[in-house]
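Student: Before we start, here is the structure in question, set down as structure tokens.
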Amino acid sequence: MSSIKIDDIARLAGYSKSTVSKVINNYPGIPESTKEKIMKVIKKYEFEPNIQARNLAGKRDKVIGIFILDKGGLGSYFFQYIIALIVEKSEERDVKVLISLIKTSEEKIRIKQLIDNGTIQGAIIIGATLDEPEIENLIENEYNLVMFDYKTEHHSKNVFLINSNNYNGGKLAAKFLLEKGLKTIYHFAGQENKLAGLERKEGFLDELDGNGIVSKVLKGEFQLEIAKKIFTQLIKSGDIPEGIFCANDEMAIGCLEALTENDIAYEKVKLIGFDNNQISRLYRPRITTIGYNLDKMADKAVEAILKLIAGEKIKTNVYNGELKLYERET
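Numbering (our numbering), first residue to last: 269 to 598.
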């Protein structure tokens, strides 16, 4: 077997690794001239593609990858719910799914490898930070990607972006608390190296600033336990605001637990979360939150990745979730 790799074939043929992979796996929409040039290099250097991947392509099974980029693992209710929805939407279209948790930079290389060897034909990536050189490399080399909550300046024809309308959601949360006549309002922010954490905070603070209110920002990192610990410390020091906006529902639960464990009625603090996860409806008291149609977003994600794989053109490469305020007991 030749030791030459797909990276070498791409370099020698003058095409991206993604294009070479598509030719190897008989993707539609590739110009004949491109196919001929790549196949000529493959034959010249006796390149032998991954047999398992070729067999998979021969059966015409469609396989997409779902990659969760988060050091905290799959404990998040949001991750669990969106994965379940994407799997459901994929099964409806007779598409197989490979799910992988990515915690390190080294593991991110796995996405490229799985596409290159034909194991998957495209990737849905959730939880990427704003500084992801491995992801940027995939985008630059025109791999088929659907990104959740990622930078919108990308205009690659092979990338589709699904965003949660984070900035406007932050503004909506601030308006809700301001309409209650509150003056001391705190924000438990998510990770600011992730688009959702950054934009939810910016929208919230901009709306408060426009109304002459200065907010204290606390780094909850999207984690229930971190938010609970920080708020417990505030409570013990006597620093209890009138209202709190948490950048996700899990942090809102953390704040509620801190109140309960310190014998403070939840009604004392007006609390609003973000995402409208199932837990926000099941938890007692039920959590007021900003939500969007996650079912529709999952459907859009699967629809988009399949169109990219098929080489179809997509009119716009960004979908923004439609926001709704769910006022409940908190």
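Here a beta-carbon is modelled for each residue, glycine too, at the ideal position from N, C-alpha and C.
Source: prediction; values computed, not measured.
#1: How many Å lie between Glu489 and Ile393 at the Cα?
#2: Measuring only the C-alpha atoms, how far is Ala278 from Arg468?
#3: DSSP on Val275, reduced to helix/strand/coil?
#4: Could you pull out every residue in the same chain whose Cβ sits closer than 6 Å to the Cβ of Glu460, ignoring the five residues on either side in sequence?
#5: What distance in whole Å lies between the Cβ atoms of Tyr418 and Ala391, which are believed to be in contact at a cut-off of 8 Å?
#6: Could you tell me whether the region 472 to 480 touches the region 444 to 461, where touching means 3 or more Cβ pairs closer than 8 Å?
#7: Return the chain-ordered list of same chain residues with a C-beta closer than 6 Å to the C-beta of Leu527, the five sequence neighbours on each side being excluded.
#8: Taking Asn405 as the reference, give the member of Phe428, Phe416 and Ile379 with the closest Cα.
#9: With Ser284 and Asn409 assumed to form a contact (beta carbons below 8 Å), what rounded beta-carbon distance in angstroms separates them?
#10: Count the CB pairs spanning the region 556 to 572 and the region 354 to 368 that are closer than 8 Å, and state whether there are at least three.
#11: Within the same chain, show all residues whose beta-carbon is closer than 7 Å to that of Val288, passing over the 5 residues directly before and after it, in chain order.
#12: Unbroken alpha helix (DSSP H) runs of length 4 or more, entirely within the region 532 to 563: which are they?
#13: Beta-carbon separation of Val365 and Ile332 under 9 Å?
#14: How big is the Cα-Cα spacing for Glu316 and Ile272?
#15: Between the alpha carbons of Asp531 and Phe346, how many angstroms are there, rounded?
#16: By alpha-carbon positions, which one of Lys504, Lys330 and Gly343 ends up nearest to Asp362?
#17: Touching or not, the region 534 to 547 and the region 506 to 514, by the rule of three or more beta carbon pairs under 8 Å?
#18: Can you tell me which of Gly297, Tyr295 and Val291 puts its alpha carbon nearest to the alpha carbon of Ile310?
#19: Where does Phe315 sit, in a helix, a strand or coil, going by DSSP?
#20: What is the residue span of the alpha helix (DSSP H) that Tyr435 lies within?
#21: Might you give, ordered along the chain, the residues of its own chain that have their beta carbon closer than 6 Å to the beta carbon of Asp338, omitting 5 neighbours on each side?
#22: Report yes if the C-beta distance between Asn591 and Gly480 is below 9 Å; otherwise report no.
#23: So, is Lys496 buried or exposed, given that buried needs 16 or more other C-beta atoms within 10 angstroms?
#24: Cutting at 6 Å between CB atoms, please list the residues of its own chain near Gln320, excluding the five before and the five after it.
#25: Rounded to whole angstroms, how far is the Cβ of Leu562 from the Cβ of Leu353, which I believe are closer than 8 Å?
#26: Using the C-alpha atoms, what's the distance from Thr500 back to Gln381?
#27: If you drop the 5 nearest sequence neighbours on each side, which residues of the same chain put their C-beta closer than 7 Å to that of Ile350?
#28: Taking Lys443 as the reference, which of Ile582, Thr420 and Ile558 has the closest Cα?
#29: Is Gln265 near Gly522, with beta carbons less than 9 Å apart?
#30: Among Gly478, Ile403 and Met415, which residue has its Cα nearest to the Cα of Glu375?
#31: In angstroms with no decimal places, state the Cα-to-Cα distance between Ile430 and Glu493.
#32: In whole angstroms, what is the alpha-carbon distance linking Leu502 and Cys514?
Tutor: By the coordinates alone:
#1: 19 Å
#2: 41 Å
#3: Contrary to the premise, residue 275 reads as Asp rather than Val in this sequence. Here Asp275 sits in helix by DSSP.
#4: These residues qualify, in order along the chain: Leu466.
#5: Rounded, the Cβ-Cβ distance is 12 Å, inconsistent with contact.
#6: Contact holds: three or more Cβ-Cβ distances are below 8 Å.
#7: Tyr534
#8: Ile379
#9: Contact between Ser284 and Asn409 holds: CB atoms are separated by about 4 Å, below the 8 Å threshold.
#10: Yes: the two stretches touch, three or more of their Cβ pairs being nearer than 8 Å.
#11: The answer, listed in chain order, is Ile274, Ile277, Ala278, Ala281 and Ile306.
#12: 546 to 550
#13: At the C-beta level, Val365 and Ile332 come within 9 Å of one another.
#14: 8 Å
#15: 29 Å
#16: Cα-wise, what sits closest to Asp362 is Lys330.
#17: The region 534 to 547, when compared against the region 506 to 514, does touch it at the 8 Å Cβ threshold.
#18: Val291
#19: coil
#20: Asn434 to Glu447
#21: Gly395, listed in sequence order.
#22: One point to set straight first is that residue 591 is Leu, not Asn, in the sequence displayed. Cβ atoms of Leu591 and Gly480: not closer than 9 Å.
#23: buried
#24: Below a pLDDT of 50, predicted positions are generally treated as unreliable, and Gln320, at 48, falls in that range; no measurement from the model is reported.
#25: Leu562 to Leu353, Cβ: 6 Å. Contact.
#26: Those two C-alpha atoms are separated by around 45 Å.
#27: Ile394, Leu562 and Ala566
#28: Ile558
#29: With the chain represented from 269 up to 598, any question about residue 265 goes unanswered, as that position is not in the structure.
#30: Ile403
#31: Distance between the alpha carbons of Ile430 and Glu493 is about 28 Å.
#32: 15 Å
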